[in-house]
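Working notes, structure below.
Residue numbers (our numbering): 230 to 660.
Take a look at the structure:
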């Protein structure tokens, strides 16, 4: 397909996303079924363009003076397809499968970029109702933090130290441009692609099949490391999902002690079994998903309870940009209630002297510092453990500043740390 055809295809997909409220992945899949002539390179380029639009929907609309899918796709095409503005305009010639030509006003808007007088939430590409939360967390850096969440994300991997060290993984993936991560001691990063290039399918690599690495954002790796899991401890991954942090904890424990993996959703938990086998994990016990009574029967026996709480996922907007626009206030309120429920459950499973670690992949204060304040007010037997203290004893090396300036808790963000957005708070049970 010519670039004009790719732009037109992206506009059609975006129309489905906006008008039919489809997830972007579903809309792209449906378009592919209707246009089987499109090759893999075309589909990758169209997907890249669609996701680039969704990452910067507000600022692109402000630039073009319209949220029409055709104009959004045209505005994002320079960066997404590696074209100049003049080339984009030339390929929009109204021929078969290409967008209609640009008007003089549209050409001028395409050339000038984003106006300088747009509202803060537009410049940040953050939903207007969430901008006060961003300003509360980041202050004068709110726009820069939002803009960083509108960029493409790299692929981060964690070397599985049960089977391989980081050097071995780096050598195996050298052809993909793999480099060591800045903070996570076992992390490997493959840079985000530029232009229409697609990210490599790392799970097709032989090293993945051998269990040498797992796909895991550096922020998630840091959160797991700060839990302090080590050999011979009793550890609970309370919201284990598909098991990414369970695998990281098991590796940190050198396959000794015991780690229990639990999730209230058995469907979410199901993939963990194959992942544990591939990674060579032998010290994990997977509890029946949704069997809360069985979980509570274990009692306050755990040295560490990791609560990777259900959340808005605002920290992952680089990877799932359409989720940014689907999030509603009522959904955020529901997540806050779920977080309080899981914290209440976790509090009864930590033994005296043990540690509860609360993690979200969110940057929103309602899910982070507000929940910490609620927990401290509700459970007197827990005291905070400053993250800098944990960092020095678990990760070592450079201790980064929290993106929100906090001392006890850690907020990681794309702009400040190059990771997804992650929040970590740790508490020691004193009684």
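Glycine included, each C-beta is placed from N, C-alpha and C at the ideal position.
Under 8 Å between the Cβ atoms of residue i and residue j?
{"i": "residue 475", "j": "residue 490", "result": "yes"}
{"i": "residue 643", "j": "residue 547", "result": "yes"}
{"i": "residue 513", "j": "residue 480", "result": "no"}
{"i": "residue 592", "j": "residue 655", "result": "no"}
{"i": "residue 572", "j": "residue 536", "result": "yes"}
{"i": "residue 406", "j": "residue 327", "result": "no"}
{"i": "residue 579", "j": "residue 455", "result": "no"}
{"i": "residue 391", "j": "residue 508", "result": "yes"}
{"i": "residue 568", "j": "residue 539", "result": "yes"}
{"i": "residue 500", "j": "residue 283", "result": "no"}
{"i": "residue 394", "j": "residue 445", "result": "no"}
{"i": "residue 443", "j": "residue 387", "result": "yes"}
{"i": "residue 553", "j": "residue 611", "result": "no"}
{"i": "residue 351", "j": "residue 310", "result": "no"}
{"i": "residue 372", "j": "residue 306", "result": "no"}
{"i": "residue 495", "j": "residue 519", "result": "yes"}
{"i": "residue 532", "j": "residue 641", "result": "no"}
Quick check: the Cα distance between residue i and residue j, rounded to an integer number of angstroms?
{"i": "residue 270", "j": "residue 527", "result": "52 Å"}
{"i": "residue 543", "j": "residue 629", "result": "21 Å"}
{"i": "residue 668", "j": "residue 447", "result": "Nothing about residue 668 can be reported from this structure: the residues present for the chain run from 230 to 660 only."}
{"i": "residue 376", "j": "residue 240", "result": "23 Å"}
{"i": "residue 331", "j": "residue 251", "result": "28 Å"}
{"i": "residue 409", "j": "residue 415", "result": "8 Å"}
{"i": "residue 301", "j": "residue 337", "result": "15 Å"}
{"i": "residue 255", "j": "residue 530", "result": "44 Å"}
{"i": "residue 238", "j": "residue 298", "result": "10 Å"}
{"i": "residue 457", "j": "residue 264", "result": "50 Å"}
{"i": "residue 257", "j": "residue 660", "result": "53 Å"}
{"i": "residue 176", "j": "residue 354", "result": "Any answer about residue 176 is impossible in this case: the structure gives the chain only from 230 up to 660."}
{"i": "residue 582", "j": "residue 425", "result": "52 Å"}
{"i": "residue 472", "j": "residue 510", "result": "11 Å"}
{"i": "residue 639", "j": "residue 517", "result": "32 Å"}
{"i": "residue 464", "j": "residue 482", "result": "9 Å"}
{"i": "residue 319", "j": "residue 312", "result": "10 Å"}
{"i": "residue 280", "j": "residue 576", "result": "40 Å"}
{"i": "residue 289", "j": "residue 344", "result": "10 Å"}
{"i": "residue 434", "j": "residue 606", "result": "48 Å"}
{"i": "residue 604", "j": "residue 565", "result": "12 Å"}
{"i": "residue 248", "j": "residue 486", "result": "52 Å"}
{"i": "residue 404", "j": "residue 432", "result": "15 Å"}
{"i": "residue 193", "j": "residue 449", "result": "This structure gives no information on residue 193, because the portion of the chain shown stretches from 230 to 660."}
{"i": "residue 259", "j": "residue 231", "result": "21 Å"}
{"i": "residue 268", "j": "residue 646", "result": "36 Å"}
{"i": "residue 467", "j": "residue 356", "result": "31 Å"}
I'd like the span of the alpha helix (DSSP H) that includes residue i, first residue to last.
{"i": "residue 398", "result": "395-401"}
{"i": "residue 431", "result": "First-last for residue 431: undefined, no H or E at that position."}
{"i": "residue 539", "result": "Looking at the DSSP string, residue 539 is not in any alpha helix (DSSP H), and its letter there is neither H nor E."}
{"i": "residue 566", "result": "558-576"}
{"i": "residue 550", "result": "550-555"}
{"i": "residue 236", "result": "232-248"}
{"i": "residue 351", "result": "349-353"}
{"i": "residue 257", "result": "253-263"}
{"i": "residue 478", "result": "473-481"}
{"i": "residue 269", "result": "269-284"}
{"i": "residue 502", "result": "501-508"}
{"i": "residue 644", "result": "643-646"}
{"i": "residue 495", "result": "495-498"}
{"i": "residue 357", "result": "No alpha helix (DSSP H) holds residue 357; DSSP gives it neither H nor E."}
{"i": "residue 339", "result": "333-341"}
Please name the residue or residues paired with residue i in a DSSP beta bridge.
{"i": "residue 589", "result": "652"}
{"i": "residue 525", "result": "None, per the DSSP bridge assignment."}
{"i": "residue 613", "result": "656"}
{"i": "residue 443", "result": "387"}
{"i": "residue 418", "result": "385, 408"}
{"i": "residue 466", "result": "490, 535"}
{"i": "residue 513", "result": "488"}
{"i": "residue 370", "result": "Partner(s): none; residue 370 has no beta bridge."}
{"i": "residue 584", "result": "533, 657"}
Just checking: is the beta-carbon of residue i within a distance shorter than 8 Å of some beta-carbon in chain D?
{"i": "residue 310", "result": "Here there is only one protein chain, and chain D is not present."}
Which first and last residues belong to the beta strand (DSSP E) in which residue i is found?
{"i": "residue 547", "result": "Segment: none, residue 547 is in no beta strand (DSSP E) and carries neither H nor E."}
Following a CB-centred definition, is residue i positioned closer than 7 Å to any heavy atom of the ligand GDP?
{"i": "residue 279", "result": "Ligands are entirely absent from the displayed structure, and the ligand GDP is therefore not among its contents."}
Give the list of continuous alpha helix (DSSP H) stretches no shorter than 4 residues that lie fully inside the stretch 298-329. 298-310, 314-320
Entirely within the stretch 594-639 and at least 3 residues each: give me those beta strand (DSSP E) ranges in chain order. 611-614
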